[in-house]
Each structure stands twice: as C-alpha cells, then as structure tokens.
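Asks: Would you mind keeping the following structure in view while I ask a few things?
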Amino acid sequence: MDAEAKIPLVVVAGPTASGKTEAAIRICQWFDGEVVSADSMQIYKYLSVGTAKPDEAEKEGIPHHMMDFLEPSQPFSVAEYVQKAKESIADIHSRGKLPVVVGGTGLYIDSLVSNIQFSESDNDPELREQLQHYAAEKGNEALWQLLNEKDPEAAANIHPNNVGRVIRAIEMIEMTGKTKTQQLEESRREPSPYDVLYLAINYRDRQTLYDRINLRVHIMLEHGL
C-alpha cells in the first residue's frame, strides 16, 4: 500500500500507570482524534475500577472505542480484536478524525499495526461446555493449570480468573494442535494499512513510576476494589 493511501495512526504505549490515557486524550484534543483502546481487560463491561478505565470526566468528551463492550464471561481472541479495531479505525478515519491507539497489551498493538492475518478457527461448543463444567467443578486455578501444561507461555499471559480467555486458549490448542506462539509465528504479515507514529511513555527515574502505580492502587481501593 502506498504511503499516501495509508491511514495516519498514533500509537501511545507504555507501562501501567505511566500516563498513556492522559497523553492520548491530549493528542486527541490537539489533533481532533478519537481513542481506540488496546487493553485486553478494558474490553470487558463492569470491571471499571480494576482495569483503570477512564470515567466520563477523565475522557473529557473524547470518544473511546474498543472498551466496555463484552461480558466478562465472553472469550475474545487477538484475531477478533484486530478485526474490530480495524473497523473502528476505518470509521474514525472516514469521518476525518485521527485514530489514536492506546494501551498496554503489546500483542494487540503489534498484531494490529503489523497487519497480521490470522488463520480462521471455528469454535468447538462441546469442548467449550466441557471446559466450563471443569472450571465450575474444579475451580479456575485448575482450569488454568490445564492450559499451563499445554502452553506455559500463553498461560503466563492470562490470569486464572479470566476463564473465557483460558478456555479459548485451550480450545485453540485442541483444535489446531499448536500452541499460541506457534499459531502467531505461522500467521501471515501483510503490508500495514497504517502510517504509524509511535509514542512510548517511560520514566528515567523508576521510583516515579512506582509512586504512580502505588497512587493508582490507593485510588482503586478508595473506589471499592
């Protein structure tokens, strides 16, 4: 794709509590943009405090996409994220706005901007039901251990209580015979449709970041976490 035809895209990345959201909102205010979240937990409804979703006051009137639209029990793959994020970006661009991707889920960001083409995999309702029963009887930790035995790398990136993602990861392994890493390695990279500007937020003084993280935890506790 020619550079002139590519969609301008700003990506704001960085560690937890580094100020990504505030930076993205300022960019949107300055350049008439809208936010596209790249956070694997903020996609879920109801988990606002624990996932540090910005509230309406913090959004300062800036539209936010890819946030707060899934039930916590629903599985959601990186392939699904890429497809829906692409749709949001295309919509924002079609209205003459600047799409600004912000988040801490590196797999989401890399897969999106690198235009990884994922192979299609159907669901297995029978297997999913079996795994749901297993979690109900044995507990979330036991289900997670099943994944850890099959794909330790995938398990390391999924919390045991995120049952939907754990089930989906096991389901993909059983259906393809391949770990998540193997599936990603075999996925095709096509030319990116985006002209990307990366902004990575970090702190030379690590203590400053640690202080920000501690402050966020205190705020979460005050809000009922």
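Residue numbers (my numbering): 618 to 842. Backbone N, C-alpha and C fix where the C-beta goes; we use that ideal spot for every residue, glycine too.
(1) Answer yes or no: do P689 and Y661 have a C-beta to C-beta separation smaller than 7 Å?
(2) Is D768 closer than 7 Å to I790 when the C-beta atoms are compared?
(3) For V717 and G650, which I take to be in contact (beta-carbon distance under 8 Å), what is that distance rounded to the nearest angstrom?
(4) Which residues mark the beginning and the end of the alpha helix (DSSP H) in which E807 is found?
(5) Between which two residues does the beta strand (DSSP E) harbouring P680 extend?
(6) Tell me where the beta strand (DSSP E) around S654 begins and ends.
(7) Looking at V628 and I644, is the spacing between their C-beta atoms short of 7 Å?
(8) Taking DSSP's pairing of strands, which residues face A630 in a bridge?
(9) Less than 7 Å separating the beta-carbons of V699 and I679?
(10) Kindly list the residues whose CB is nearer than 6 Å to the CB of A655, restricted to its own chain and excluding five residues on each side of it in sequence; keep chain order.
(11) How far does the alpha helix (DSSP H) with L744 in it reach, from first residue to last?
(12) Can the beta-carbon of I818 be found less than 7 Å from the beta-carbon of S635?
(13) Any idea which residues DSSP pairs Q734 with across the strands?
(14) One question on the structure: do T638 and P671 come within less than 7 Å of each other, judged by their Cβ atoms?
(15) What does the alpha-carbon distance come out to for the pair Q691 and V780?
(16) Are there 16 or more other CB atoms within 10 angstroms of the CB of W761, so buried, or fewer, so exposed?
(17) Whose C-alpha, out of V730, P777, A771, A702, is nearest the C-alpha of Q799?
(18) Just confirm the distance between the C-beta atoms of E788 and D822, as a whole number of angstroms; I'd bet it's less than 8 Å.
(19) Excluding the 5 residues preceding and the 5 following K623 in the sequence, name in chain order all residues of the same chain whose CB lies nearer than 8 Å to its CB.
(20) Bridge partners for L687 per DSSP, in chain order?
(21) Can you tell me the Cα-Cα spacing of A641 and K701, whole angstroms?
(22) Report the CB separation of F735 from A696 in whole angstroms; it is logged as a contact under 8 Å.
(23) Go ahead and label S711 buried or exposed: buried means 16 or more other beta carbons lie within 10 angstroms of its beta carbon, across all protein chains shown.
(24) Is M683 buried or exposed, if buried means 16 or more other CB atoms sit within 10 Å of its CB?
Replies: This is what the structure gives:
(1) yes
(2) yes
(3) 5 Å
(4) First-last for E807: undefined, no H or E at that position.
(5) Segment: none, P680 is in no beta strand (DSSP E) and carries neither H nor E.
(6) 650–654
(7) no
(8) A817
(9) no
(10) V718, G720, T722, Y725, I726
(11) 742–755
(12) yes
(13) R805
(14) yes
(15) 9 Å
(16) buried
(17) A771
(18) About 44 Å separates the two Cβ atoms, so there is no contact after all.
(19) S809, P810, Y811, D812
(20) Y661
(21) 20 Å
(22) 4 Å
(23) exposed
(24) buried
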